[in-house]
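Student: Sending over a structure as structure tokens; questions will come in a sec.
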Amino acid sequence: LRRQRQMCIETGGKTGYTEAAGNTLVTYAKNDNTYLVSVVLQSVNGAYSDTKALLDYGFNNFSRTAVKDLPSKITRHLLPAEKYILKDYKDDMLFETRRTASVSLPSGVDSNALEKTYSITKNPAGLPLLTVTYTYKIM
Numbered sequence: 737l738r739r740q741r742q743m744c745i746e747t748g749g750k751t752g753y754t755e756a757a758g759n760t761l762v763t764y765a766k767n768d769n770t771y772l773v774s775v776v777l778q779s780v781n782g783a784y785s786d787t788k789a790l791l792d793y794g795f796n797n798f799s800r801t802a803v804k805d806l807p808s809k810i811t812r813h814l815l816p817a818e819k820y821i822l823k824d825y826k827d828d829m830l831f832e833t834r835r836t837a838s839v840s841l842p843s844g845v846d847s848n849a850l851e852k853t854y855s856i857t858k859n860p861a862g863l864p865l866l867t868v869t870y871t872y873k874i875m
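Residue numbering for the sequence shown follows the working numbering, beginning at 737 and increasing consecutively.
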């Protein structure tokens, strides 16, 4: 499914039905560098028109922005509980970013207003993972 729309290109979709959700439609769409997923359940107006309205709203009111202040290497001091969970790690751990981070923000929100927090989780496939969570306060 690749149809040109007013604002986006649908790159994929899947219809479905369940007793609880009724007729459903999941759609994946791209516009410039922004990707959105729309999930419509129990549509009153019709799943296709609801999907178009959701995607148009998303593309008109949000944009993907690169995070500028994330260094390529981040050293984190491990808390005692983290050292216990991760087992056999030193007091500090070095993490390396592998790609440029980006966030989706409402139109008009400056990426400099973002606050970030870090959390470290055990990775069964290898080294621990550092998750950076960005938040902003609505004025």
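Idealized CB from N, CA, C, for every residue including glycine. What you are looking at is a predicted structure, and each value in this text was computed from that prediction instead of being measured.
Going along the chain, which residues of its own chain have a beta-carbon closer than 7 angstroms to the beta-carbon of residue 804, five neighbours each way excluded?
Tutor: In the sequence shown, residue 804 corresponds to position 68, counting from 1. By the criterion of a C-beta distance shorter than 7 angstroms, residue 804 is surrounded in its chain by 847, once the five residues flanking it on both sides are discounted.
Student: Using the beta-carbon count (16 or more within 10 Å), is residue 874 buried or exposed?
Tutor: To locate residue 874, count along the sequence shown from 1; it is residue 138. Residue 874 should be labelled exposed.
Student: So the candidates are 865, 814, 843 and 756; which of them puts its Cα closest to the Cα of residue 831?
Tutor: Translated into positions along the sequence shown, residue 831 becomes position 95. The option with the nearest alpha carbon to residue 831 is 865.
Student: Near residue 838, which residues of its chain fall below 7 angstroms by C-beta distance, leaving aside the five closest residues on each side in sequence?
Tutor: Walking along the sequence shown from the start, residue 838 turns up at place 102. If we look at residue 838 and ignore the five residues flanking it on each side, its Cβ neighbours are 800, 801, 802 and 803.
Student: Leaving out five residues on either side along the sequence, give the residues of the same chain with a beta carbon under 7 angstroms from the beta carbon of residue 852.
Tutor: Here residue 852 refers to the residue found at position 116 of the sequence shown. 868, 869 and 870.
Student: Run the CB neighbour count on residue 861, radius 10 Å, all protein chains shown included, and call it buried at 16 or more, exposed below.
Tutor: For the purposes of this step, residue 861 is identified with residue 125 of the sequence shown, where counting begins at 1. Exposed, since its Cβ has fewer than 16 Cβ neighbours within 10 Å.
Student: Taking the alpha carbon of residue 792 as the point to measure from, which residue in 845, 754, 757 and 765 has its own alpha carbon closest?
Tutor: One-based indexing of the sequence shown puts residue 792 at position 56. When 845, 754, 757 and 765 are compared, the shortest CA-CA separation from residue 792 is found for 765.
Student: Would you tell me roughly how many angstroms separate the C-alpha atoms of residue 776 and residue 757, rounded to the nearest one?
Tutor: To locate residue 776, count along the sequence shown from 1; it is residue 40. To locate residue 757, count along the sequence shown from 1; it is residue 21. Spanning the two alpha carbons is a distance of roughly 9 angstroms.
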